[in-house]
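>
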Amino acid sequence: MITLIGIELYKLFKKWRTYIGFIAITVLVPIIQIAISIEGQKTLNFMTRSIQQSFLFVGNFLNSYLVSYLIMNSLYIHIPFLVTLAAGDLLAGEATAGTYRMLLTRPVSRFNVVTSKFLAGIIYTFLLVMWLAVLSLGIGTLIFGTGELIVMKSSALIIFSRNDILWRFASAYIFAVISMSVVTSLAFLFSSLVENSIGPIITTMAIIIAFIIISAIDVNAFRIIKPYLFTSYMGAWSSFFDKPADLETAWKAIGVLSAHIIILFSITLYIFKKKDILT
Amino acid sequence: MKKFFILIILIPFLSFPQSKDPRIILDNVKKTFSKIKDYEVSVDIKLDVSFLKVPETHATIYYKQPDKIYIASKDFALLPKGALDFSPAGFMKGNYTALFDREEIYDGTKTVVIKTIPLGESSDIVLTTFWIDPSKNIIRKVEVSTKVNGTFTIELKYDANSGYIQLPSSLVFKFNISKLNIPKRFTNQDESEQSKNYSKKSATGTVYIVYSNYKVNRGLPDSLFNTKK
Amino acid sequence: MHSEKVIEIVNLSKQFKEVKAVDDLELTVYRGDVFGFLGPNGAGKSTTIRMLLSLIKPTGGEIKLFGKSLRKERISILRDIGAIVEKPDFYGYLSAFKNLEILGRLSQTDVSQKRIMKVLEFVGLEKRYKSKVKTFSHGMKQRLGIAQALLHDPQLIILDEPTTGLDPQGMKEIRELIFHLSGVEKKTIFLSSHILSEVEQVANRMIILNKGRKIVEGSVSDLLNRNVLQVSFEVDDASTAEMKIKETAWGTKLKSSAKERLVFSLQHNEIAELNKFFIQNGVDVSAVIPTRSLEEYFLSIMEKNSI
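Protein chains in written order, with the working numbering: chain C, 1 to 279; chain F, 1001 to 1229; chain W, 2001 to 2307.
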């Protein structure tokens, strides 16, 4: 199995499209950081304006943590697309290339083939999120330095002292890996159904966008189905940035998202085991 | 400690009946404080405010007569503007009318309650009430009503053993702001509904400040206060 | 002679929605066979091969390889099979060597770097081992396909239309390769093709498949001899013989004549009769050769079945 995962990772990282996600993050994160370094103080002042009427702030709030938090917030919609790009190709790519025939006539079980590909996809997702984390926090620290994290929630303005921040980011990024893995699993499922990777990519993105729109529109009918949309749980990373951290919400979301991953993967496995390879 | 209690018990007896003229009382307070040309003090700030979830912070406050004040922190500090400057002059800016209200035992000490009303329309302050310990000429409590920012009270405690009786050892700032708008930025789309109705509610809060390690009259340079604000 | 059954297919069928791609197929391949699997395009050859390799699940029937059920012992069976299924497709973004390395590692047998280079050499790609496969021509890919099929030294080699898209030289190479694998390396070979001439030259046994059904099965020599219709007679004096022939009804059956050869179109029982005729008329017959390839026979069967 480890050999298989190794092979899948090797194949994955020999493909150009695998790097699109990393390149996109490598380009986007510094751009956001530069933009914030220019405009950030103004924005920060604007955000805290009403509180500044009565309170005096001292400290470096425009720091790598705040910027990482903002990046996390703004890229949450975009990273799924990057994840899908590679995940949608995992199985369909072999169908397109015709390499299924070569791969599946080897003495390996289909279970192992699918599982190793899936795990390679999860590892890819993990690395992508970690890359985001490293760039956000790493370059952020170089540009802005560290400090306290100021977070504006609708219920309160929260400031976390610097020794109370990193575990929150670590948790949030791990959470992000889990929620992005749902996207991976979904794209992977679609990838098992078709013979080219465009379909899975578009379908996955369409589902995510549709779910997000439904989540965003505040209509009663939608409110009822909202708990059943996995996208409703993807934002729960921010509950680590509550004071105290809203672990109940986080765990619930982790539970729901993990269940999605398991179910989506099981369906993929079932489909793939029964699939006739005709390409 | 024991000494301290004895002192507190004795204070009412030791105090001589003094003039009830509120202006004189307030001037005495100012005069007492004016011996402090400048100070530097470490502060520990603890906020108990519903809409501000902030850890306990440490900072250094620099003050210089008449009204220069500067706060610095290695990490960060957040404190109510009203709690920054406890100098009597800070509470009595501009022209005002002072009225003697009553005498009251406040926190075990006989105090004189004086109300001041600012003259003119410019001030946000509607009414300020002082609880003054006339024996030491120090303010024990201030209550301020404002037009826009609600009301707030400041309670000051002093350490009798410190060299400077006019410098408090702790301060409790309580406020009640009738309307407070927190812009909905930085917030996630899917935050629960309960938080939505928050913004327009009145907000109360308490801020605890503990002062320690006063360094008084060391001749702080003016430049210190110009660095940044 | 035929002791061990390498492939045994019983009642095999595959239904794709309305289409019955393979219908109640039975065949047996013995160890050492070069088995020709013939049929026109769409006859169900590929579907059968895919079922043999477990790429497609049969709707009915049973496949046994090396005496083991494919359904139950798929992995241990696949370890001993090397295959090219239709056109050879590889990971184009990887080198020839890397492709083989990956496939070798998937084969559960120790495929050393030396072994990879050896098979690359065997198919004549050793100089291009570092090149990405996407830069390869079809012929090169085909050869790489053979390399991957041989990589793990399997007992059974399944070649699905191995000469598709190859030039005559390439076809010849494949033929020689099959001779080598069968003759020298003693492999069992299952060769599918829609070109009869390709099969008849190398196979010892074959079946012909059409519309998913078996039409004919047997040894290639038997099939060649059955219903032979075109026979060439080698005679001492063709022109005299021709003259004599044209005086009789045999003349209508004469197809062509050369210096010492007369070619007739005959029923099986007519061969002896004609031979007798020549002898009676003083023509020395030095040889009677059935020159006809299976081709026409094959085509005729195809025609018969397509009606």
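Glycine included, each C-beta is placed from N, C-alpha and C at the ideal position.
Could you check whether the Cβ of PHE162 of chain C sits closer than 8 Å to any Cβ belonging to chain W?
The sequence as given places Arg at residue 162 of chain C; Phe does not occur at that position. No, its Cβ sits nowhere closer than 8 Å to a Cβ of chain W.
> Can you tell me which of the three DSSP states GLU2018 of chain W falls into?
coil
> Helix, strand or coil, according to DSSP, for ASN1226 of chain F in the structure here?
helix
> If you draw a straight line from the C-alpha of LEU1224 of chain F to the C-alpha of PHE57 of chain C, how long is it?
Rounded to whole angstroms, LEU1224 of chain F to PHE57 of chain C spans 18 Å at the Cα level.
> Using 8 Å for Cβ pairs, my map puts MET102 of chain C next to PHE2037 of chain W. What's the rounded Cβ distance?
Wrong, their Cβ atoms sit about 20 Å apart, outside the cutoff.
> Suppose contacts are defined by Cβ-Cβ distances below 8 Å. Is PHE190 of chain C in contact with THR204 of chain C by that definition?
In this structure, PHE190 of chain C lies near THR204 of chain C, with their beta-carbon atoms less than 8 Å apart.
> I'd like to know whether the C-beta of ASP2089 of chain W is nearer than 8 Å to at least one C-beta of chain C.
yes
> Three-state secondary structure (DSSP) at ASP1044 of chain F?
strand
> Do you know offhand how far LYS2127 of chain W's Cα is from ALA187 of chain C's?
40 Å
> The beta strand (DSSP E) spanning VAL58 of chain C covers which residue range?
For VAL58 of chain C, the enclosing beta strand (DSSP E) has its first and last residue at 55-59.
> What does a CB cutoff of less than 6 Å around THR2048 of chain W pick up in its chain, not counting 5 residues either side in sequence?
VAL2022
> Measuring straight from C-alpha to C-alpha, what distance separates ASN2099 of chain W and LYS2132 of chain W?
9 Å
> Out of C:PRO200, C:ILE225, C:VAL219, C:ALA250, point me to the one whose CA is closest to PHE81 of chain C's CA.
C:PRO200
> Identify whether PRO1088 of chain F lies in helix, strand or coil by the three-state DSSP scheme.
helix
> Apart from the five residues on each side of it in sequence, which residues of its chain come closer than 8 Å, Cβ to Cβ, to ALA2149 of chain W?
GLY2082, ALA2083, ILE2084, ILE2157, ILE2158, LEU2159
> Nearest chain F C-beta to LYS42 of chain C closer than 8 Å, yes or no?
Chain F has no Cβ within less than 8 Å of the Cβ of LYS42 of chain C.
> Could you tell me the distance, in whole angstroms, from the CA atom of THR48 of chain C to the CA atom of ILE20 of chain C?
37 Å
> Since MET2243 of chain W and VAL2220 of chain W are thought to touch, with beta carbons under 8 Å apart, how far apart are those beta carbons, to the nearest angstrom?
Actually they are not in contact, since the Cβ atoms of MET2243 of chain W and VAL2220 of chain W sit about 37 Å apart, beyond 8 Å.
> In three-state terms, what does DSSP make of VAL1113 of chain F?
strand
> May I ask which residues mark the beginning and end of the alpha helix (DSSP H) holding TRP251 of chain C?
247-274
> Compare the C-beta of ASP1075 of chain F with all C-beta atoms of chain C and state if any pair is closer than 8 Å.
yes
> Among the residues of its own chain, which have a CB less than 6 Å from the CB of ILE32 of chain C, if the five just before and after it don't count?
ILE71
> Report the partner residues of TRP1131 of chain F according to the DSSP bridge assignment.
F:VAL1113, F:LYS1141
> Let me confirm a value: PHE61 of chain C is counted as buried when at least 16 other C-beta atoms fall within 10 Å, else exposed. Which label applies?
buried
> What is the rounded straight-line gap between the Cα of VAL2235 of chain W and the Cα of LYS2246 of chain W?
When rounded, the distance between both Cα atoms is 15 Å.
> Figure out for me which residue from W:TYR2129, W:THR2059, W:SER2107, W:PHE2179 has the closest Cα to the Cα of ASN2011 of chain W.
Measuring from the Cα of ASN2011 of chain W, the nearest candidate turns out to be W:THR2059.
> Does SER284 of chain C have its Cβ less than 8 Å from a Cβ in chain W?
The question about residue 284 of chain C has no answer, for chain C in this structure spans 1 to 279.
> Quick check on DSSP: helix, strand or coil for LYS2255 of chain W?
strand
> Within the continuous alpha helix (DSSP H) that includes GLU2242 of chain W, where are the two ends?
2238-2246
> Going along the chain, which residues of its own chain have a beta-carbon closer than 7 Å to the beta-carbon of PHE1033 of chain F, five neighbours each way excluded?
SER1087, PRO1088, GLN1166
> Give the range of the beta strand (DSSP E) segment to which GLU1155 of chain F is assigned.
First-last of the beta strand (DSSP E) with GLU1155 of chain F: 1151-1158.
> Cα separation between ALA1098 of chain F and PHE1130 of chain F?
10 Å
> Using a Cβ cut-off of 8 Å (strictly closer), state whether ILE1177 of chain F contacts chain C.
yes
> Which residue from W:LEU2274, W:ARG2079, W:GLY2183, W:SER2193 puts its Cα closest to that of ARG2105 of chain W?
W:ARG2079
> Against ARG2079 of chain W, what residues of chain C qualify as contacts under a CB-to-CB distance less than 8 Å, listed in chain order?
PRO107
> According to the neighbour-count rule (16 or more other Cβ atoms, all chains shown, within 10 Å of its Cβ), is ASN1197 of chain F buried or exposed?
Annotation note: pLDDT 40 at ASN1197 of chain F (below 50); position unreliable, coordinate value reported separately. Exposed, since its Cβ has fewer than 16 Cβ neighbours within 10 Å.
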